[in-house]
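Each residue of the sequence shown is one higher than the one before, starting from 1224 at the first, in the numbering used here.
For every residue, glycine included, the Cβ atom is placed at its ideal position computed from N, Cα and C.
Here's the structure, in structure tokens; my notes come after.
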Amino acid sequence: MNGFRVKMLAGFLATTGMIGGALFFQYYLELEPCPLCILQRIVVLALALVFLAGLLHGPSGWGRKIYFALVGLVSLVGVGVSGRHVWLQHQPPSLVPECGPGLQYWLDTLPPWKVVQKMFHGAGDCAEVVFRFLGLSIPEWTLIAFAGLFLYSVFLFLLRPD
């Protein structure tokens, strides 16, 4: 396996590990994901698909740079979403959005772009910290992971080709 594919495999394994962690929290620890958690999962899934596409495609030259740039862009979206989530968690209760009807209701009654807008705005349950590991909440760990994946993409983009 060439160096590019190894790098894409590492990213794919990291993102599938993140998805596995999210499923562990939801189904084993019974932590129900809020709208921003679900949006973060979608971004992680998009990253996993970019890594998988790069792994299977195995381009050369500028094709590799395009994959690294895509990883960087999607990672920045993840930084934005998880950053918003962390920001909501650190707001005083008076500034936290009220709990709404829930994601399923939004999906049933609103157009897709409005659903994404409402998901990004967050809800009252997005501000609730239900689990901490080493003093950090799940969205804080996710923010660190997205930032790490962004730095990984920058490093790979600037690295000389194999």
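- The residues Ser1298, Val1302, in chain order, have a CB closer than 8 Å to that of Ala1370 in the same chain once the five nearest residues on each side in sequence are set aside.
- When the Cα atoms are used, Ser1305 and Ser1360 turn out to be separated by approximately 11 Å.
- Residues of the same chain with a CB within less than 8 Å of the CB of Leu1252, apart from the 5 flanking positions on each side, are Phe1354 in chain order.
- The residue from Gly1243, Thr1238, Pro1316 with its alpha-carbon nearest to that of Val1294 is Thr1238.
- Three or more pairs of CB atoms, one per stretch, sit closer than 8 Å, so the region 1241-1252 contacts the region 1267-1287.
- Just measuring C-alpha positions, the residue of Tyr1375, Leu1382, Val1309 sitting nearest Glu1363 is Val1309.
- Shown here, Arg1383 sits in coil according to DSSP, grouped into three states, outside any helix or strand.
- If you look at Val1297, you'll find it in the alpha helix (DSSP H) that goes 1285-1312.
- Residue pairing from DSSP places Phe1356 in a beta bridge opposite Leu1359.
- By the beta-carbon neighbour count (other beta carbons within 10 angstroms, threshold 16), Gly1286 is exposed.
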